[in-house]
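Beneath this line is the structure, given in structure tokens, with notes to follow.
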Amino acid sequence: MATSTQNAPHLSVLADEVIALLAPRPGGVYCDGTLGAGGHTARILEASAPSGRVIGCDRDEMALAIAKERLGSAADRVTFVHGSFEDVDKHLHGLGIESVDGLLLDLGVSSMQLDLRERGFSFMQEGPIDMRMDPSQGETALELIDRLTERELMIILRDYGEERFSKRIAERLKADVREDKLRTTLDLADAVSACIPAKLKQKSRIHPATRTFQGLRIAVNRELAQLEHFLSIFDKLLSPGGRCAIISFHSLEDRMVKRCFRDLAKTSNLPPDLARQAGERVDPICTPLTRKPILATEEEIQINARSRSAKLRACQKFAA
Ligand SMILES: C[S@@+](CC[C@H](N)C(=O)[O-])C[C@H]1O[C@@H](n2cnc3c(N)ncnc32)[C@H](O)[C@@H]1O
């Protein structure tokens, strides 16, 4: 992957493929809704030099500071926004921008967030059970575990974490929180591990707490609700011919993106006059640019294990 360097705080996934799909050009205006360490934005700026601009948005102020530093002088062509891509319409309109030529989302957490123990995303390092992408607001994962009923917690672990032992784990976590035994990420990881049969743990390639941490993180950050809202508004923010690319890491996210892009390409089966009368769509809004999701090559997976589960889809708005 072209943006990977030894010292990079986060290796951008599928960067060449994102640039090929977004096709940035000089003078274009782009929005990176998940700026992170700014790796994808750096590539967009490079491809759209000397006059392309990026609105770079992240929920995490730490990411904005890192990206600003990493981008160096190219940061002059970036407007940094602290906020969620859920509010991308408000962010753009607040800057006096009606529409953009490209929108990018690279979902999930960054390596910087995972590596900082105090953020509580990692089951490998001791930290508070937090997991908020924006630590300035909302409830922590521990507060969430405390507030949910055992059944609600089970559903979150089952559906967002795809965890087979969600019932057992939810029961154990609720008991541990009541007894004040759940204080750090390592307490959480140990409690989860104790609920998983030893034979399965031996065979598994992933840490026993991976799925529980994923489920809690998605719930704490309302990740699917945020994506759902973005998908309901993004087409109105694209200029004619503008493109949107989304990298997802979870099957639920990918399914939402796939359905949305497919629906925006649909038109009525009725003849145009009847379709208009019935209030049905005569012309498609967008066309998919990817029939199947683009996956990382073996070569990229070797360099960046995180790219293994990445799926990239893109679509283009019709030119009026
Ligand atoms: C995978 S990283 C992005 C990495 C980036 N593309 C790069 O190349 O460096 C995801 C980033 O998106 C941010 N993020 C996740 N959900 C968000 C949301 N709803 N709104 C804004 N930022 C979000 C996270 O805080 C994190 O910094």
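Each residue of the sequence shown is one higher than the last, beginning at 0 in numbering that gives the first Met the number 0.
From the three backbone atoms N, C-alpha and C, an ideal C-beta is built for every residue, glycine too.
Since we're looking at a predicted model, the values are computed, not measured.
PRO287 to SER231 span [Cα, whole Å]: Taking the first residue of the sequence shown as position 1, residue 287 is located at position 288. Taking the first residue of the sequence shown as position 1, residue 231 is located at position 232. Cα to Cα, the separation comes out at about 16 Å.
Pick from PHE233, PHE317, ALA197 and LEU104 that is closest to ARG31, judged by C-alpha positions: Translated into the one-based positions of the sequence shown, residue 31 becomes position 32. Note that residue 31 is Asp in the sequence shown, not Arg. The residue with the shortest Cα to Cα distance from ASP31 is LEU104.
Reference PHE79, options LYS89, ALA66 and GLU85, closest by Cα: As a working mapping, residue 79 is identified with position 80 in the sequence shown. Looking at the Cα atoms, ALA66 is the closest of the given residues.
Residues near LEU70 by beta carbon distance below 8 Å, same chain, minus five either side: Taking the sequence shown and counting its residues from 1, the one referred to as residue 70 is at position 71. If we look at LEU70 and ignore the five residues flanking it on each side, its Cβ neighbours are GLY37, THR40, ALA41, LEU44 and VAL77.
Backbone secondary structure at PHE260 - three-state DSSP: Taking the sequence shown and counting its residues from 1, the one referred to as residue 260 is at position 261. It is helical.
Status (buried if at least 16 other CB within 10 Å, exposed otherwise) for MET0: Taking the first residue of the sequence shown as 1, we reach residue 0 at position 1. Summary for MET0: the model assigns pLDDT 32, below 50, so the residue's position carries little reliability; its value from the coordinates is reported in the next sentence. Counting Cβ neighbours within 10 Å, MET0 comes out buried, since at least 16 surround it.
Residue of ARG52, VAL17, SER11 and ALA19 minimising C-alpha distance to GLY26: Residue mapping note: residue 26 aligns to position 27 of the sequence shown, counting from 1. Of the listed residues, the one whose Cα sits closest to GLY26 is ARG52.
Contact under 8 Å by Cβ, GLU161 with ARG210: Taking the first residue of the sequence shown as 1, we reach residue 161 at position 162. Taking the first residue of the sequence shown as 1, we reach residue 210 at position 211. Yes, the pair counts as a contact, with Cβ atoms nearer than the cut-off.
Whether ARG216 touches GLN315 by CB criterion (8 Å): For the purposes of this step, residue 216 is taken as residue 217 along the sequence shown, with counting starting at 1. For the purposes of this step, residue 315 is taken as residue 316 along the sequence shown, with counting starting at 1. Contact flag unset, no.
Reduced DSSP secondary structure (H/G/I, E/B, other) of LYS310: The sequence position of residue 310 within the sequence shown is 311, counting from 1. Strand at LYS310.
Three-state secondary structure (DSSP) of LEU104: Taking the sequence shown and counting its residues from 1, the one referred to as residue 104 is at position 105. In this structure, LEU104 counts as strand in the three-state DSSP scheme.
Through-space distance from PRO271 to VAL219, alpha-carbon basis: Residue 219 sits at position 220 when you count from the first residue of the sequence shown. Residue 271 sits at position 272 when you count from the first residue of the sequence shown. Between VAL219 and PRO271, the C-alpha separation is close to 45 Å.
Contiguous beta strand (DSSP E) assignments of at least 3 residues, all confined to the stretch 198-279: 237-247
Close-in-space but distant-in-sequence residues of the same chain around SER50 (CB under 6 Å, 5 per side omitted): Sequence index remark: in the sequence shown, residue 50 carries index 51 (1-based). Taken in chain order, the residues that qualify are PRO25 and GLY26.
Counted within 10 angstroms of its Cβ, other Cβ atoms place GLY240 as buried (16 or more) or exposed: Residue 240 sits at position 241 when you count from the first residue of the sequence shown. Exposed: under 16 other Cβ atoms inside 10 Å.
Check whether ILE54 and LEU115 have beta carbons under 8 Å apart: Position 55 of the sequence shown, counted from the start, is the residue given in the question as residue 54. Position 116 of the sequence shown, counted from the start, is the residue given in the question as residue 115. No, the Cβ-Cβ distance between ILE54 and LEU115 is not below 8 Å.
According to DSSP, residues forming a beta bridge with CYS30: Mapped onto the sequence shown, residue 30 falls at position 31. ILE54 and LEU102.
Option in LEU187, LEU10, ARG167 and ALA14 with minimal Cα separation from LEU311: The residue you call residue 311 lines up with position 312 of the sequence shown. Nearest option by C-alpha distance: ALA14.
Under 8 Å between C-beta atoms of CYS285 and PHE317: One-based indexing of the sequence shown puts residue 285 at position 286. One-based indexing of the sequence shown puts residue 317 at position 318. Yes, Cβ-Cβ distance for CYS285 and PHE317 is below 8 Å.
Inter-residue spacing [alpha-carbon to alpha-carbon] between ALA304 and VAL176: As a working mapping, residue 304 is identified with position 305 in the sequence shown. As a working mapping, residue 176 is identified with position 177 in the sequence shown. Cα to Cα, ALA304 sits roughly 33 Å from VAL176.
Separation of GLU142 from GLU97, as counted between CA atoms: Residue 97 sits at position 98 when you count from the first residue of the sequence shown. Residue 142 sits at position 143 when you count from the first residue of the sequence shown. Cα to Cα, GLU97 sits roughly 39 Å from GLU142.
Closest Cα partner of ILE245 within the set ILE293, PRO207 and ARG204: Against the sequence shown, residue 245 aligns to sequence position 246. The shortest CA-to-CA distance from ILE245 to any of ILE293, PRO207 and ARG204 is the one to ILE293.
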